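Per our numbering, the sequence shown starts with residue -16, numbered consecutively. Heads up, the thing below is written out as structure tokens.
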Amino acid sequence: MRKTYDVAVLGATAAGYVAALELARQGHSAIVLDVPRSGRESPLADWLPADVFEVCRPLRAVKPAGLEGAFRAIQFHSDQLDREALYRQRATAGFVLRSARLLRALGGAARRAGIDSLRAKQAPRHELQESAVALEVGGQTVRAALLLIAQDSPADVIAGLRLSVRSVPTANLSLCGLDAPMPRGQARRNIGGALHLIAFGRGEQLGMFFAAGAVLHVRIISGQAQAPADVEALSGLIGRLQRGGLLPQTLDLSRAVAAIWRPPGGVALELETHLAKRTLLVGTAGGFASAMTGQTLDPSIRSAMVAADVAARALKASQPQEVLADYKSQWRDVLADRIRPAGTSLQMLMPMVLANKAMAERFARAFLYGENI
């Protein structure tokens, strides 16, 4: 490829597409490189808080095609399923979606916006030059003025870029999830319109389930001191929810799809740098994931919007590297509160949430929007 793009985006993720679309909207040329991913984001059904659509025009543009429905409530359940607490908003609290469908919608929007794409079987080799970035992809060389890396873990990306840092923080957060066909009828209606959170009797774990159209999604979020959840633990949770009458007995788990992913929860807060020569780290590559919920879509998309703003200004500057350095302070203003840990263990929080309506509201808003508990 002889053309030099304004920006190359490494990662056909939600963050990658959003950054490219926002830059294209401002008149810049972009290419998205679709390379294999490393299991940091959910490949299954997922959710987004509603307020991200207020700040992300590319996401608003694909809203009808990329989402499965809205929810206004968070329903809390005790470990024994004998107590409940409800937080409900008048306005929409968030949306449920299927990850593959959202990415298809964003990819289609990128094509219509004139954004080029290139798929590769392996990660490209980077050459960060003084005046441009060169990436070797499947025998081709892609050149761009700037590079945004929007996938994989911070440790892998920093090692690949050979950045000189003292250390790279890691997160022990892991999620195990499952998508299964959801029977029609009352059971689907009972589950719809809410995210359901289940307390666990021990350890820093939290269960979740919700309906995304015709799909039931169930997941276990495992925190810092807890061994990663696995498919066996997930199966046990589903059985418990069925016995408690919260899930239908007629689930066809033979058609279910399961996955384990390990988001870099809160890593951005401790990462020494998000900057290389003509390069910014966004999405999971920059550690943008919630330490409390494991949510990657919301913080990744917000980081992409900030990066697109900074990159657009850098492209017009005589010293682009100096402008790129503004990214650190800008993302912290927008994102820091949304990815911080809760500060209190789930073992202490959940009994209070189930016993106190005000605490249920505070926890729900922390879960959704990163507000203080």
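Cβ atoms here follow ideal geometry from the backbone N, Cα and C, with glycine treated the same way. Owing to the predicted nature of the structure, the values given are computational and were not obtained by experimental measurement.
Spatial distance of R185 from P166 (CA atoms):
31 Å
S205 in three-state terms, based on DSSP
strand
G228 versus A154, L64, A163, residue with shortest Cα-Cα distance
L64
Buried or exposed for V240, please, with buried defined as at least 16 other CB atoms from any protein chain shown within 10 angstroms of its CB.
exposed
Indicate the three-state DSSP secondary structure (helix, strand or coil) for S273 in the structure shown.
coil
Can the beta-carbon of A(-5) be found closer than 8 Å to that of L86?
yes
I think V116 touches A103, with their Cβ atoms under 8 Å apart; what is that distance to the nearest whole Å?
In fact, because the Cβ distance is near 16 Å, the residues do not count as touching under 8 Å.
For the segment 250 to 266 and the segment 319 to 336, state whether three or more C-beta atom pairs, one from each stretch, are separated by less than 8 Å.
yes
Cross-strand partners of A127 (DSSP beta bridge):
Y(-12), V116
Determine which residues share a DSSP beta bridge with L240 and list them.
Here residue 240 turns out to be Val, not Leu, going by the sequence shown. In DSSP, V240 forms a bridge with D162.
Quick one: what does DSSP say V45 is sitting in, helix, strand or coil?
coil
Between S136 and T267, is the Cβ-Cβ spacing less than 8 Å?
yes
Could you give the distance in angstroms between the alpha-carbon of D62 and the alpha-carbon of M191?
12 Å
Tell me which same chain residues have a C-beta within less than 7 Å of the C-beta of S12, skipping the five on either side of it?
Y(-12), D(-11)
According to DSSP, simplified to helix, strand and coil, what is A68?
strand
One or two residues paired with E110 in a DSSP bridge
A117
In three-state DSSP terms, what is T267?
helix
Short check: CB of V201 to CB of L161, under 8 Å?
yes
Using 8 Å as the Cβ pair cut-off and three pairs as the minimum, do the segment 276 to 295 and the segment 32 to 39 touch?
yes
Please report how far the alpha carbon of L359 lies from the alpha carbon of R81, in whole angstroms.
Residue 359 is absent from the structure shown; the chain starts at -16 and stops at 356.
Since L350 is in the alpha helix (DSSP H), which residue starts that stretch and which ends it?
It is worth fixing the name first, because residue 350 is Phe in this sequence and not Leu. 340 to 352 is the span of the alpha helix (DSSP H), which, as asked, contains F350.
What does DSSP give as the partner residue(s) for G77 in the beta ladder?
P32, F54
Straight-line CA distance for L98 to S218?
The amino acid occupying residue 98 in the given sequence is Ile; Leu does not appear at that position. The straight-line gap from Cα to Cα measures roughly 42 Å.
Leaving out the 5 sequence neighbours to the left and right, which residues in its chain are closer than 8 Å to L351 when beta-carbon positions are compared?
P32, I57, A76, G77
Which of the three DSSP states is assigned to I132 in this structure?
strand
F59 bridges to which residues according to DSSP?
A68, L180
How is V198 classed by DSSP in three states: helix, strand or coil?
strand
Give me the DSSP bridge partner(s) of Q225.
Its beta-bridge partners do not exist; DSSP assigns none.
Inter-residue CB distance, H109 and L144 (contact presumed, cutoff 8 Å):
6 Å
Helix, strand or coil for G219 per DSSP?
helix
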